[in-house]
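>
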Amino acid sequence: MMNRTFIEDKLKEHGYKLTNQRKAIIDVLVEHQGHFLSAEEIYSKSKDKYAQTNFSTIYRNLEILVNTHIIHKTQIKDGTFSYELVCSEAHHHHLICKGCGKTENIDFCPIEDLQKKLGSKNFTLTDHKFELYGYCQKCQEDQ
Numbered sequence: 109m110m111n112r113t114f115i116e117d118k119l120k121e122h123g124y125k126l127t128n129q130r131k132a133i134i135d136v137l138v139e140h141q142g143h144f145l146s147a148e149e150i151y152s153k154s155k156d157k158y159a160q161t162n163f164s165t166i167y168r169n170l171e172i173l174v175n176t177h178i179i180h181k182t183q184i185k186d187g188t189f190s191y192e193l194v195c196s197e198a199h200h201h202h203l204i205c206k207g208c209g210k211t212e213n214i215d216f217c218p219i220e221d222l223q224k225k226l227g228s229k230n231f232t233l234t235d236h237k238f239e240l241y242g243y244c245q246k247c248q249e250d251q
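Positions 109 to 251 (our numbering) are the ones given, in order, by the sequence shown.
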């Protein structure tokens, strides 16, 4: 799991300064590890930590964090992107709750079997992500 110090060091390595707004965003992401949050949720929670946080800064910083491989970006529902700290450097995939954004790792890669079949298609796979969407037990009970 990533901690604040690791994230701050990684940003510094890429030449980014640690502004108060950026620190607030990092704190929110660290506090919500294992859950995807929308930009709006990150904005609201960051604003509680640093009142001068503005929405355009949230989007700029989220893109920086995606590009530096600190966070993962995905679409869970309605075309809205959600963000989560990268939980591991190891190759893995996720189960994602569409209700609360909770994530769980999948410990195997189903793409390996597909890759064998792609060999005959004259296609070289360079990257992939495998995400399964549904509802965790708590969200199912709440419905």
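Where a beta carbon is used, it is the ideal one built from N, C-alpha and C, also for glycine.
1. Between the Cα of residue 138 and those of 203, 233, 173, 200, spot the shortest distance and give me the residue it belongs to.
2. Relative to the C-alpha of residue 166, which candidate in 191, 113, 177 has its C-alpha closest?
3. Put residue 160 into one of helix, strand or coil per three-state DSSP.
4. If you draw a straight line from the alpha carbon of residue 154 to that of residue 227, how long is it in whole angstroms?
5. Anyone know if the C-beta pair for residue 184 and residue 200 falls short of 8 Å?
6. Can you tell me which of 129, 229, 119, 144 puts its alpha carbon nearest to the alpha carbon of residue 195?
7. DSSP has residue 213 in a bridge; who is on the other side?
8. According to DSSP, simplified to helix, strand and coil, what is residue 151?
9. Of the residues 239, 229, 149, 230, which one's Cα is nearest the Cα of residue 216?
With the structure as the only source:
1. 173
2. 191
3. coil
4. 47 Å
5. no
6. 144
7. 202
8. helix
9. 239
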